[in-house]
Amino acid sequence: MKLGIITYYWPPAGGPGVQRWLKLSKYLAREGVELYVVTVDADKATYPLRDEGLQADVADGITVIRTGTSEKFGAYKKVTGKKQVPFSGFSGEDAKVSVLQKIARFVRGNFFVPDARKGWNDHAYRAAEQIITQHDVRHWITTSPPHSTQLVGLKLKQKYGIHWTADFRDPWTDIYYYRKFYPTALTRAYERGLERKVFATCDALLSVSPAWSKLYQSKGAVPMTKVHTVTNGFDAEDFAGEQARRPEEFTITYAGTLAAQYPVADFITALNQLDF
Numbered sequence: 003m004k005l006g007i008i009t010y011y012w013p014p015a016g017g018p019g020v021q022r023w024l025k026l027s028k029y030l031a032r033e034g035v036e037l038y039v040v041t042v043d044a045d046k047a048t049y050p051l052r053d054e055g056l057q058a059d060v061a062d063g064i065t066v067i068r069t070g071t072s073e074k075f076g077a078y079k080k081v082t083g084k085k086q087v088p089f090s091g092f093s094g095e096d097a098k099v100s101v102l103q104k105i106a107r108f109v110r111g112n113f114f115v116p117d118a119r120k121g122w123n124d125h126a127y128r129a130a131e132q133i134i135t136q137h138d139v140r141h142w143i144t145t146s147p148p149h150s151t152q153l154v155g156l157k158l159k160q161k162y163g164i165h166w167t168a169d170f171r172d173p174w175t176d177i178y179y180y181r182k183f184y185p186t187a188l189t190r191a192y193e194r195g196l197e198r199k200v201f202a203t204c205d206a207l208l209s210v211s212p213a214w215s216k217l218y219q220s221k222g223a224v225p226m227t228k229v230h231t232v233t234n235g236f237d238a239e240d241f242a243g244e245q246a247r248r249p250e251e252f253t254i255t256y257a258g259t260l261a262a263q264y265p266v267a268d269f270i271t272a273l274n275q276l277d278f
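Per the numbering used here, residue 3 is the first one in the sequence shown, and the count goes up by one each step.
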């Protein structure tokens, strides 16, 4: 079987977003799947985090095609005075937001829909087109965020009739920080229209949790049979030979972004009531 994956985040990108398809592709390759990964040139990408060590996890035999990009994050840096691109959910930003930051968010939320990395779309589309015509790859996965990546899959589906799986690592218009971009009513309507079109057109939709699967099904544009939950996990090979340092303690690991806006108070209260 041949499979194409379109993902903005790929080593040396770091952080949680890269892990899912880096690890899944590793085991798909072992099962004999012929994999083609379309991603952005690392020297031109705007990664919030980098992890050079993840390069070692890219399985042998995977064909990785890196493309250029035409993103506009330079303007964001100039307006906000920040040297780095914003991390997931603004978790790394100060609680007090300046006027310039609010303006930058408004511009991002209303003039770069669905996100500022949509400048990569044309580059990714052309690379995927070449793979389809030269290698006859008919099965494709697009993974987001950035959710603009899903529009690449939509365009490929419409032109080539590929079998398209849209993988959502996070919700799109229901993400908890969506309103922090100050989207106008017109922007919200337009972006939700894009979301519905992706949901309705893809052949399968992957979610990382049962709750989010129910959320997507509730939108009405996607049949229940189209949505599948593929939870995040861990790579046992990363922990081979490791021993628990304090086996007498019960440890919970939260692997992901924990932003100030997350409603964790009830969870902490419940933990305090448990008798370990």
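Glycine is no exception: its CB is placed at the ideal position from the N, C-alpha and C atoms.
From a predicted model like this one, the values you see are computed outputs, not experimental measurements.
Exercise. What does a CB cutoff of less than 7 Å around VAL35 pick up in its chain, not counting 5 residues either side in sequence?
Worked result: Non-local C-beta neighbours of VAL35 in its own chain, meaning closer than 7 Å and more than five positions away in sequence, comprise MET3 and LEU5, ordered along the chain.
Exercise. Could you give the distance in angstroms between the alpha-carbon of THR233 and the alpha-carbon of LEU208?
Worked result: Just so you know, the alpha carbons of THR233 and LEU208 end up roughly 9 Å apart.
Exercise. What does a CB cutoff of less than 7 Å around VAL42 pick up in its chain, not counting 5 residues either side in sequence?
Worked result: When the five nearest sequence neighbours on each side are left out, the beta carbons in the same chain lying within less than 7 Å of the beta carbon of VAL42 are those of TYR10, ARG68, THR69, THR71 and TRP122, in order along the chain.
For this session: Pull up the distance between the alpha-carbon of GLY16 and that of LEU24, whole angstroms please.
Result: Cα to Cα, the separation comes out at about 11 Å.
Problem set entry | Cβ contact check for the region 247-265 and the region 206-224: 3 or more pairs under 8 Å | Look at the beta carbons and you see the region 247-265 not touching the region 206-224: under three pairs across the two are nearer than 8 Å.
Exercise. Helix or strand or just coil, what does DSSP make of LYS120?
Worked result: Here LYS120 sits in helix by DSSP.
Problem set entry | Same chain, Cβ closer than 7 Å to VAL200, five either side skipped, listed in chain order | Excluding residues within five positions, the ones whose Cβ falls inside 7 Å are GLN152, LEU156 and ALA168.
Problem set entry | Element boundaries [beta strand (DSSP E), containing ASP169] | Taken as a continuous stretch (DSSP letters only), the beta strand (DSSP E) holding ASP169 covers 165-170.
Exercise. If we count Cβ pairs, one from each stretch, closer than 8 Å, do we get three or more for the region 127-136 versus the region 157-166?
Worked result: Using a Cβ-Cβ distance cut-off of 8 Å, the region 127-136 and the region 157-166 are in contact, since at least three pairs of beta carbons, one from each stretch, lie closer than that value.
For this session: Please classify LYS74: does DSSP put it in a helix, a strand, or coil?
Result: Per DSSP, reduced to three states, the secondary structure at LYS74 is coil, with no helix or strand assignment.
Problem set entry | Where GLN275 falls, given that 16 or more other Cβ within 10 Å makes a residue buried | By the neighbour-count criterion, in which a residue is buried when 16 or more other Cβ atoms sit within 10 angstroms of its Cβ, GLN275 is exposed.
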